[in-house]
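Colleague: This is the structure, below, for whatever I ask next.
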Amino acid sequence: MIYPKGIVQFVGSDPELKARFSNIASIDSVNTTSLTMLQGDCAFEEYMLAEGYTRSRAIRKYLYFVASTYSIFNDIYQYFPKENANSTHKDDVSAIGTAPFELIYHAIYLYCLDSWDVEGDVIECGTYKGFSACCLSWVCSYLNKRLIVADSFEGLPENKTDPYYKKGDFCGQLDEVRANIEDFGRIEQVEFLKGFYDTSLLGFNRPLCMLWMDVDLYESAKDILNNVFSHLSPGAVLISHELFAERDFDNGLLKSTIGPAKALHDFFADHDMNYQAMPFENGFGLVVPCSQGNRVLMSSEHVQFLRDRCRQLDVVLARQRTVFEQDISNWRNEVEKLLQIYRSTFDFRLKRGVKKILARIGLYRKDIDA
């Protein structure tokens with residue numbers, strides 16, 4: 205599993221933890237290792253949540269980031285427009301193409317890349333209605349990075365490789381996307397790059413820590429890779445949608461299947477470049493340029509564990525808040541009953557000072573002292 209550099213250093217500095225979590229103490233880069241390392245269970249994640257956060261500032265910051273970011277993503281999902289009024293394809297009826305549980309992978313990875321001093325901004329190629337851009341703009345704000353949103357804003361282009369899609373599918377217009385990010389994201393972190401990728405990305409020259417590729421077509425993916433890939437900083441990564449575990453992956457590499465998977469396969473083959481690829485959930489995956497023989501550190505199981513525990517904590521806190529609010533309501537009701545009994549027995553003409561005190565805590569109103 206990948207971890208922020210500060211957490212790796214914390215484990216390595218403590219003899220007991222170094223012996224207990226030797227696989228973490230031996231990590232010397234953010235993405236890959238040449239060592240044979242077993243991912244193992246989620247014992248270290250358990251440690252961080254149960255005890256580690258009390259001992260390490262790096263762990264506290266990391267867990268806070270994961271929990272708060274995932275909560276923001278889910279809040280955005282709750283209120284973001286759900287329906288595409290201009291649907292042209294059975295798959296673009298929904299206005300949301302990527303779920304919060306997927307985007308937490310991007311967030312965790314960006315946090316870790318930043319901690320290991322991987323330079324550059326983030327580019328999202330393919331934004332649709334802007335949901336993922338809304339989410340990632342919060343991450344970029346936290347990490348002081350720019351989010352470049354590149355899209356035609358006219359839907360898909362014509363293509364010759366996949367008849368499943370046609371021109372204009374998955375269209376989110378620029379004004380619509382901008383409004384969504386203004387409403388739900390951090391628009392001040394965002395730059396828009398409009399046009400089809402064979403022209404809009406020509407001359408692109410910005411260092412990047414992450415390329416997030418959410419396109420459907422082989423042609424689009426190849427145009428992105430040809431113009432952007434060379435600007436990935438050392439240690440930077442690529443995450444792509446339309447990469448399916450059973451269809452597109454083969455022992456850490458990508459097959460020459462269809463769409464982005466085929467484009468990635470062909471690109472690395474054409475440039476004789478080494479890489480490792482890993483499927484995540486729900487049809488997206490990670491691609492890491494690396495030396496031959498290296499293994500990817502990232503682990504879906506560890507992300508899922510940490511993500512789901514954060515959601516469980518949200519549920520626990522919500523329940524505690526509900527119980528607390530109910531206790532307050534019950535307490536107010538009991539006090540009100542006592543006051544009613546008092547009024548029926550005595551002349552309830554309280555002095556002005558006492559009335560003010562009761563009014564401050566919500567237990568006195570002029571209309572009930574008539």
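The numbers in my numbering rise by one with no breaks, and the one at position 302 of the sequence shown is 506.
Note that the Cβ used here is the ideal one computed from N, Cα and C, for glycine as well.
Note that this is a predicted model, so its numbers are computed, not measured.
What ranges does the beta strand (DSSP E) occupy inside the stretch 322 to 371, keeping only unbroken runs of at least 3 residues that lie completely in it?
Modeller: Here the runs fully enclosed are 325 to 329, 351 to 355.
Colleague: Report the residue from I300, A563, E423, Y281 whose alpha carbon sits nearest the alpha carbon of N288.
Modeller: Closest option to N288, Cα to Cα, is I300.
Colleague: According to DSSP, is F225 helix, strand or coil?
Modeller: DSSP places F225 in coil when its eight states are reduced to three.
Colleague: To which residues of the same chain is V322 closer than 8 Å at the C-beta, ignoring the five residues directly before and after it?
Modeller: Closer than 8 Å at Cβ, skipping near neighbours: V234, C413, S437, P438, G439, A440.
Colleague: Are the C-beta of D296 and some C-beta of chain C separated by less than 8 Å?
Modeller: The structure shown contains no chain C; it is built from a single protein chain.
Colleague: Would you list the one or two residues that DSSP bridges to P483?
Modeller: According to DSSP, P483 bridges with G489.
Colleague: Alpha carbon to alpha carbon, what distance is there between S444 and R224?
Modeller: Going from the Cα of R224 to the Cα of S444 covers about 35 Å.
Colleague: Check for me: the alpha helix (DSSP H) holding E250 runs from which residue to which?
Modeller: Run containing E250: 247 to 251, per the alpha helix (DSSP H) assignment.
Colleague: Go to V394, then tell me how far its beta strand (DSSP E) extends in each direction, as first and last residue.
Modeller: From DSSP, the beta strand (DSSP E) with V394 extends over 394 to 398.
Colleague: Please state whether DSSP places A271 in a helix, a strand or coil.
Modeller: Reduced to three states, the DSSP call for A271 is helix.
Colleague: Determine the direct distance from the alpha carbon of Q213 to that of R261, and round the result to whole angstroms.
Modeller: Roughly 12 Å separates the two Cα atoms.
Colleague: Since I312 contacts V507 with CB under 8 Å, what's their CB separation in whole angstroms?
Modeller: Yes, I312 and V507 are in contact; Cβ-Cβ is about 6 Å, under 8 Å.
Colleague: Taking the CB atoms as reference points, tell me whether H435 and F472 lie closer together than 8 Å.
Modeller: Not in contact: H435 and F472 (Cβ atoms no closer than 8 Å).
Colleague: Identify whether F284 lies in helix, strand or coil by the three-state DSSP scheme.
Modeller: If DSSP states are grouped into helix, strand and coil, F284 belongs with coil.
Colleague: Would you report the Cα separation of R513 and D474, rounded to the nearest angstrom?
Modeller: Distance between the alpha carbons of R513 and D474: 42 Å.
Colleague: Does D379 come out as helix, strand or coil in the three-state DSSP assignment?
Modeller: Here D379 sits in helix by DSSP.
Colleague: Using a Cβ-Cβ cutoff of less than 6 Å, which residues in the same chain neighbour F396 once the five nearest sequence positions on both sides are dropped?
Modeller: Result list for F396: V353, in chain order.
Colleague: Just verifying my parser: in three-state terms, what is the DSSP assignment at T237?
Modeller: Strand at T237.
Colleague: In its own chain, which residues sit with a C-beta less than 8 Å from the C-beta of D427, not counting the 5 before and 5 after it?
Modeller: Only F400, Y401, D402, L405 meet the Cβ criterion.
Colleague: Among E540, L421, F484, R499, which residue has its Cα nearest to the Cα of A465?
Modeller: Among E540, L421, F484, R499, the Cα nearest to that of A465 belongs to L421.
Colleague: Within the same chain, show all residues whose beta-carbon is closer than 6 Å to that of N278, passing over the 5 residues directly before and after it, in chain order.
Modeller: Hits under 6 Å: P304.
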